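Structure first, commentary second.
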Amino acid sequence: MRRALLRLGVLAALAATPALADSPGGRPVKLALPDGEQVYKQVCAACHLDHAQGSPDGTVPALAHNAKLASADYPITVVMKGQGGMPWFSEMLTPGQVAAVVGYVRTHFDNSYADPVSEADVKRIAAAIRASEE
Ligand code: HEC
């Protein structure tokens, strides 16, 4: 967990850089991360760790070999809405980046759920989350 916390420090430092700062119009500027692997390494690995093994004390679950990733809707929902100690990333990541990172974790780390995850899936779930919060 210590390592995860250290990495979180890095994440916080990143958050303070202009790339992530609010634009003058107040709209958050999205991170420029080209693919799911980069999103995983720069964002998710801070807590879930490099091999998606989760934290040794179990507070951050492993994404490796995780049967809960079988339906893409579940990880998309967790990433868009947050859950327990996990923040939501709907403001930091674009729908395309969420689709890419969910696709990445579902096909790596001893997971082999090959059905593709699309931006449209993410937008559908974002709409359902919005509707449930109204
Ligand atoms: C600040 C730490 C942190 C970051 C960063 C983070 N997570 Fe999490 N994640 C957690 C915690 C803590 C949980 C457990 C939440 C709970 O209480 O159910 C979790 C749970 C999950 C789950 C549910 C796992 C299960 O077995 O139920 C998924 C899927 C997930 N995270 C994916 C991601 C992805 C993809 C990213 C990167 C976009 C990410 N997480 C970034 C801390 C984090």
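If you count by mature numbering (1 follows the signal peptide of the UniProt record, and there is no 0), then the sequence shown holds residues -21 to -1, 1 to 113, one letter each, in order.
Backbone N, C-alpha and C fix where the C-beta goes; we use that ideal spot for every residue, glycine too.
Just so you know, these numbers come straight off a predicted model, no measurement behind them.
Apart from the five residues on each side of it in sequence, which residues of its chain come closer than 8 Å, Cβ to Cβ, to residue 164? There is no way to answer for residue 164, as the model of the chain reaches only from -21 to 113.
DSSP has Met65 in a bridge; who is on the other side? As DSSP reads the structure, Met65 sits in a beta bridge with Gln62.
Looking only at C-alpha atoms, which of Asp14, Ala51, Gly63, Ala46 sits nearest to Asp89? Of Asp14, Ala51, Gly63, Ala46, the residue nearest in Cα terms is Ala46.
Measure the C-alpha to C-alpha separation of Thr38 and Gly64 and round it to an integer number of angstroms. 8 Å
Helix or strand or just coil, what does DSSP make of Ala107? In the structure shown, Ala107 sits in a helix (DSSP, three-state: H, G or I).
Can you give the Cα-Cα distance for Pro40 and Pro95, rounded to whole angstroms? 23 Å
Would you mind stating whether Arg30 and Ala43 have Cβ atoms separated by less than 8 Å? Here residue 30 turns out to be His, not Arg, going by the sequence shown. Yes, the pair counts as a contact, with Cβ atoms nearer than the cut-off.
Quick check on Pro13: does DSSP put it in helix, strand or coil? coil
Gly15 vs Val58 beta-carbon contact at 8 Å: no
For residue 115, three-class secondary structure by DSSP: The question about residue 115 has no answer, for the chain in this structure spans -21 to 113.
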